[in-house]
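Protein chains in written order, with our numbering: chain U, 386 to 497; chain E, 7 to 119.
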């Protein structure tokens, strides 16, 4: 069990640029979740996958956000045309069915 | 929509003493799970303890225990024999069967030596 891995750990970009984050879940975990956490707040749900199927999307996930999980393994979260308000920590978590979720270290996004 | 409220932004405890962190939630469901997660500064979120709503018995994990009051929709965390390593942000979270987590705003716990 190597844990949930997220890459990169930090991303600094200019407003208007596109960014992509990657999450590698714990092997054999069929569920994968993305959350967003702003400073001093609890994480907020963005979306989740069961295997390769995206089963739920939050209204927080505007049309500038897209997530994929090809082949039910790793997942990517892309943000297009980044805005100042996108600055946050993006957390990935995985679980086996309804077992407790295990979190990665997160990707901190800073928009200049 | 389900909501989770942590009314204590910050708490302090002396090393070796006991502290209780409060959490209330709102739901119309009868079957759900509750969790406490710990997030040390710049580190990974770690599961501390979980409670299944259909279980009457309060969950315990070593020095950590909960007081689950289903009718009152209350789920507090008690940390006994506090250690310096317990210092972190603590999040209370609610989950319906198989779905997303809904988190509270968190409580910063400071441990004094």
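Where a beta carbon is used, it is the ideal one built from N, C-alpha and C, also for glycine.
All figures in this text were calculated on a predicted structure; none of them were measured in a lab.
Look at residue 482 (chain U) here: in three-state DSSP terms it is coil, with no helix or strand label. Only exposed fits residue 7 (chain E), as fewer than 16 other CB atoms lie within 10 angstroms of its CB.
Residue 469 (chain U) sits in a helix when the DSSP states are folded into three classes. In this model, residue 40 (chain E) and residue 81 (chain E) are separated by some 8 Å (Cα to Cα).
Around the Cβ of residue 99 (chain E), a 10 Å sphere holds 16 or more other Cβ atoms; the residue is buried. One finds 105, 106 in chain E with Cβ atoms closer than 9 Å to the Cβ of residue 433 (chain U), taken in chain order. Interface criterion not met: the Cβ of residue 437 (chain U) is under 8 Å from no Cβ in chain E.
Shown in chain order are the members of the stretch 406 to 428 of chain U whose Cβ falls below 7 Å from a Cβ of chain E: 418, 426, 427, 428. The beta-carbon separation of residue 488 (chain U) and residue 389 (chain U), rounded to 6 Å, stays under the 8 Å limit for a contact. Linking residue 21 (chain E) to residue 48 (chain E) through their CA atoms gives a straight-line distance of about 22 Å. Nearest CB-CB separation between residue 476 (chain U) and chain E: below the 8 Å threshold. Within the same chain, Cβ atoms closer than 7 Å to the Cβ of residue 475 (chain U) are found at 406, 419, 421, 462, 491, 492, 494, the five residues on either side in sequence being excluded.
By the Cβ rule, the stretch 401 to 417 of chain U does not count as touching the stretch 9 to 27 of chain E, because fewer than three pairs are nearer than 8 Å. From the beta-carbon of residue 490 (chain U), the residues of chain E found nearer than 8 Å are 49, 50. The three-state secondary structure of residue 90 (chain E), taken from DSSP, is helix. Put simply, the stretch 15 to 32 of chain E does not touch the stretch 464 to 484 of chain U. Fewer than three CB pairs are less than 8 Å apart. Assignment of residue 76 (chain E) by DSSP, reduced to helix, strand and coil, places it in the coil class. The beta carbon of residue 56 (chain E) falls within 8 Å of a beta carbon belonging to chain U, placing the residue at that interface.
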